[in-house]
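Counting from 0, one number per residue, gives the positions in the sequence shown under numbering that gives the first Met the number 0.
By construction, the Cβ of each residue, glycine as well, lies at the ideal position given by its N, Cα and C atoms.
It should be emphasised that the depicted structure is a prediction, and the values quoted were computed from it without experimental measurement.
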Amino acid sequence: MDIKAVDKEYIANTYARFDLTITGGRGSIVYDDQGKEYIDLGSGIAANSVGICDPVWQQAVIEQLMQVQHTSNLYYTAPQAKLAKLLCEKTGMKKVFFSNSGAESNECAIKAARKYASDKNSGRDTIITLWQSFHGRTISTLSATGQEHFHQHFGPFTPGFVHVKANDIEDLRAAVANNKVCGIMMEMVQGEGGVNCLDKEFVDECAKICAENDILLMVDEVQTGNGRTGKLYAYEHYGIKPDIVSTAKGLGGGLPIGATLLGEKVENTLSAGTHGSTFGGNPICAAGAYSIISRLDDEFLAEVTAKSEYIFSQFPNATGMGLMIGIATEKPAGEVVRAAMEKGVLCLTAKTKVRLLPALTIPWDQLKKAVAILKEVME
Ligand SMILES: *Cc1c(COP(=O)(O)O)cnc(C)c1O
C-alpha cells in the first residue's frame, strides 16, 4: 500500500504532514519505513514523555490491558483512583476529573469556573486568557485561545472570553474592573504561542487579583505539565497555588488522557450529572499515567533540569523552561526543521522559533548528537 497516497485520499486534510512515515522506535530514536533512524526532539508533541516503548510504562499498560481495557464511568476502577490520589498528593489539589485530551481538560476547567460563579449567583461568566495563548481546538477552547487566526471560519464562537496582553498588569487590571470575571486562565510558558515564559511579577499579580476578588486562577499545564519544565507542574516555579490545573499531553506517556485538577474552592463544584466522559480516565491510559507520574521524583526532575541547562548553554538565545525550549533562528524555522530531519533529527516549530520537546528521558549521547546536528543546520 502507498501509505502517503491513501492517507491523502482518505484522511481529512487538516494536517500538512512531513514526507515521513514512522513505523517504530525505542526511547528517543524513531525509525521510518526506509529503516532510517532519527533522534526525536518532538516526542509526539510532548506526549511521549518517557520516549517510545519505555519498558516500565509499557509493562504498566500491558498489565492493565490484560485485566480490562474499559468499563465506563458508571463503575469504579483502581487505575483512576490510584492516579487521582497520586496527583492530589503531589500537588495539594483536592479532586480530579479525567478526560481524553488537552482541549477537554480545559473544557472541564471552563465549566468548573462558570459553575462556581453560577452557584454563587455572582453574575460573573467571563474568563480572561492571554494573547498568544493556545487552549485547544473545540469551539470554546478556540474562543479561549488568544490568537486571531483561530477565530475564523467556525463562528459563532462561545462568548465570555476576554484576552489580555501577557505580562501587562495594567491590561489585566482593566479587564477585571467590570466585576464580570470568574476565572483567569493561562499557560506559565506559552507553547504554541512561541515558547514564552510569563514574568514572575505578572503571575504574582494575577494570583493576587484572583485571591482578592474571588476569581479562579486556572493554569493550563497541558504542555508544561508532568515534568516537562523540571517541576511536576510549571506553576511550581512561580510559587502560586492555582484553583484549577488542566493537563494532558505528557500525562499519558503517549496514550490519550487529560486531567483537570480541582482545588479547594471548586472541589465540589462539578456535582453528579454536571460533567462526564465515556472514555475519560480509561483504565489503560490511567495505568500508564500512574507509572509516569510516580517516576517524576526529585532525582528524575533534576536530570531534566541538567539536560535543559545543557541545551540553554548551547543556544544562548533560547527561551522556555526545562525541556520545553524555543530557539530563534536566522533561517526560517520551518527550513531548519526540514534540514534537521534530513540529517536525522526531528524537531518542531512554534511561531517563528524552532521548538524542542524531547522525551524527558532522552539519553545524553543522543541529546548531544542532536544538538550538534541542529547547530550545524542552523548555520
Ligand atoms: C496541546 C495543547 C492543548 C490542546 O491539547 P489537545 O490534546 O490537542 O486537545 C491545550 N493547551 C495547551 C497549552 C496545549 O499545548
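Checklist line | Whole runs of the beta strand (DSSP E) within the stretch 12-86, excluding any shorter than 3 residues | finding: Runs found: 21-25, 28-31 and 36-39.
Margin query: Since V353 and T318 should fall inside the 8 Å C-beta cutoff, what is the C-beta to C-beta distance between them, to a whole number of angstroms?
Written below: Indexing the sequence shown from 1 puts residue 353 at position 354. Indexing the sequence shown from 1 puts residue 318 at position 319. Not confirmed; about 11 Å, so no contact.
Next item on the list: Would you check if the stretch 157-173 and the stretch 125-132 touch, i.e. whether three or more CB-CB distances between them fall below 8 Å?
Entry: In short, these stretches touch, since the Cβ pair count reaches three.
Notebook entry, point to check: Under the three-state reduction of DSSP, which class applies to F278: helix, strand or coil?
Noted result: Sequence index remark: in the sequence shown, residue 278 carries index 279 (1-based). Here F278 carries a coil assignment [DSSP, helix/strand/coil].
Notebook entry, point to check: Below 8 Å, can you find three or more Cβ-Cβ pairs linking the stretch 218-229 to the stretch 245-258?
Noted result: Counting C-beta pairs closer than 8 Å gives three or more between the stretch 218-229 and the stretch 245-258, which meets the contact rule.
Next item on the list: Answer yes or no: the CB of E186 versus the heavy atoms of ligand 1, is any distance below 7 Å?
Entry: The sequence position of residue 186 within the sequence shown is 187, counting from 1. The closest heavy atom of ligand 1 lies less than 7 Å from the beta carbon of E186.
Next item on the list: Would you tell me roughly how many angstroms separate the C-alpha atoms of R25 and V5, rounded to the nearest one?
Entry: Translated into the one-based positions of the sequence shown, residue 25 becomes position 26. Translated into the one-based positions of the sequence shown, residue 5 becomes position 6. Rounded to the nearest whole angstrom, the CA to CA distance from R25 to V5 is 27 Å.
Next item on the list: Kindly indicate which residue of F299, K306, C346 and S142 has the alpha-carbon position closest to the one of G333.
Entry: As a working note, residue 333 is residue 334 in the sequence shown. Residue nearest to G333 within the set F299, K306, C346 and S142 is C346 (criterion: CA-CA distance).
Checklist line | Rounded C-alpha distance that separates G321 from V265 | finding: In the sequence shown, counting from the first residue as 1, residue 321 sits at position 322. In the sequence shown, counting from the first residue as 1, residue 265 sits at position 266. In a straight line, the C-alpha of G321 is about 30 Å away from that of V265.
Next item on the list: Could you tell me whether any non-hydrogen atom of ligand 1 is closer than 7 Å to the CB of K264?
Entry: Counting from one through the sequence shown, the residue named residue 264 turns up at place 265. K264 Cβ: outside cutoff for every heavy atom of ligand 1.
Next item on the list: Return yes when at least one heavy atom of ligand 1 lies under 7 Å from the C-beta of H134, else no.
Entry: Taking the sequence shown and counting its residues from 1, the one referred to as residue 134 is at position 135. Yes, the beta carbon of H134 sits closer than 7 Å to at least one heavy atom of ligand 1.
Check: Under a Cβ-count criterion, where at least 16 other Cβ atoms within 10 Å of its own Cβ denotes burial, should L40 be classed as buried or exposed?
Finding: Stepping through the sequence shown from its first residue, residue 40 is reached at position 41. Buried is the call here.
Next item on the list: Kindly indicate which residue of K81, G135, Q79 and V95 has the alpha-carbon position closest to the one of A102.
Entry: Taking the sequence shown and counting its residues from 1, one reaches residue 102 at position 103. When only C-alpha atoms are compared, the closest one is G135.
Margin query: With three or more C-beta pairs closer than 8 Å as the rule, is the stretch 362-378 touching the stretch 336-346?
Written below: Inter-segment contact for the stretch 336-346 and the stretch 362-378 is present: three or more beta-carbon pairs are separated by less than 8 Å.
Checklist line | Member of T348, G252 and P357 whose CA lies at the smallest distance from the CA of F17 | finding: Locating residue 17 in the sequence shown gives position 18, where the first residue counts as 1. Of T348, G252 and P357, the residue nearest in Cα terms is T348.
Notebook entry, point to check: In this structure, does DSSP put V376 in helix, strand or coil?
Noted result: By one-based count along the sequence shown, residue 376 stands at place 377. It is helical.
Next item on the list: Spell out a yes or no on whether the stretch 192-212 and the stretch 166-174 are touching, meaning 3 or more CB-CB pairs, one atom from each, closer than 8 Å.
Entry: As far as the Cβ criterion goes, the stretch 192-212 touches the stretch 166-174, which means the pair count is three or higher.
Checklist line | Same chain, Cβ closer than 6 Å to M185, five either side skipped, listed in chain order | finding: Taking the sequence shown and counting its residues from 1, the one referred to as residue 185 is at position 186. For M185, where only same-chain residues beyond five positions count, the Cβ hits under 6 Å are L129.
Notebook entry, point to check: Got a sec: does ligand 1 put a non-hydrogen atom nearer than 7 Å to the Cβ of N105?
Noted result: As a working mapping, residue 105 is identified with position 106 in the sequence shown. Yes - ligand 1 has a heavy atom lying nearer than 7 Å to the Cβ of N105.
Check: Which class does F160 belong to by DSSP, given the choice of helix, strand or coil?
Finding: If you number the sequence shown from 1, residue 160 lands on position 161. Secondary structure at F160: strand, using DSSP grouped into helix, strand and coil.
Item checked: Contacts around G343, its chain only, beta-carbon distance under 8 Å, and the 5 residues preceding and following it disregarded -> For the purposes of this step, residue 343 is identified with residue 344 of the sequence shown, where counting begins at 1. If we look at G343 and ignore the five residues flanking it on each side, its Cβ neighbours are K35, E36, Y37, I38 and I372.
Notebook entry, point to check: Can you tell which of S290, K179, A258 and L295 has its C-alpha closest to the C-alpha of F278?
Noted result: Residue mapping note: residue 278 aligns to position 279 of the sequence shown, counting from 1. For F278, the closest of S290, K179, A258 and L295 by C-alpha to C-alpha distance is A258.
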